[in-house]
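Every letter in the sequence shown is one number past the one before it in my numbering, and letter 67, counting from 1, is 73. Have a look at the structure below, then the notes.
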Amino acid sequence: MLKKIFSYVIPLTIYQTKSALSKSIEVTWANGELVMDSQNTNYSYGSLQRILRLGLKNIGYKKIVPMEHILVLGVAGGSVIKTLVEEIKYKGKITGVEIDPEIITIANAYFDLDKTKNLTIVIEDAFAFVLKTPTKYDLIIIDIFQDTTMPNFLFEPFFTNRVCSLLKSHGFILFNTMLLDENQNQRNKKYVTEFYKNQFKIRTIPRVEVHNELIVIEKIA
């Protein structure tokens, strides 16, 4: 409790490690909240939870509650899963895909991710998972970062088309992106402009928490 109170004055790091896949992972008390950070950005809770919460609100909580199966690509500490379960009261299936097992170990230890009864965690590369899963989903959340870098495959038409093929009718994709320079601005503009729009609607929620842009894709048929 004292650490939580003092964190309003100065952030207090309580755990720090490195894994084979992540440069640095920290668990920190900041402004009275326990967060997970990489070397240069927030990975879970804190600003990231606010960003994805805004995206879920944009889709609509009432639409999410009756959904049967949600896929989360990029779990980290599991803040968006906590939003779904604890705030939205979502009770359907959640499958979380995370490439770094060390991050899941931390999420279980500090954020009680393993106590989420309707969650199944898959330790696997998101690209590989998407290629082989036969399951259709109502909502797919894409939140994949390596520190501040986003893998190029996320913006390639092959991956986008494959993810869209996994959506049920009237399903949604919530894609969190980071914009740190003009090249990344242009990358997102190209992604939205060239998106295959037959049976889908695409829109953006720009400049969330300064450096993030959310892309929302809806399957309308």
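Virtual Cβ for every residue (Gly too), placed ideally from N, Cα, C.
- According to the DSSP assignment, E224 belongs to the beta strand (DSSP E) that extends over N218 to K225.
- The criterion of a C-beta distance shorter than 8 Å is not satisfied by Y202 and G177.
- Taking a contact as a CB-CB distance under 8 Å, the pair I76 and G98 counts as one, their CB atoms being some 7 Å apart.
- If you check the CB distance, G83 and F117 come in under 8 Å.
- Between I100 and T199, the alpha-carbon positions lie close to 31 Å from each other.
- Relative to the Cα of E219, the nearest Cα in the group L119, D131 and S53 belongs to S53.
- The beta carbon of I65 lies closer than 7 Å to those of F178, L180 and V222 in the same chain, with the five residues before and after it left out.
- For A36, the uninterrupted beta strand (DSSP E) segment begins and ends at I31 to A36.
- Assignment of P212 by DSSP, reduced to helix, strand and coil, places it in the strand class.
- F159 is a Cβ neighbour of F133, given a cutoff of 8 Å.
- For F117, the enclosing alpha helix (DSSP H) has its first and last residue at P107 to F117.
- Taking all protein chains in view, the Cβ of F164 is surrounded by fewer than 16 other Cβ atoms within 10 Å, so the residue is classified as exposed.
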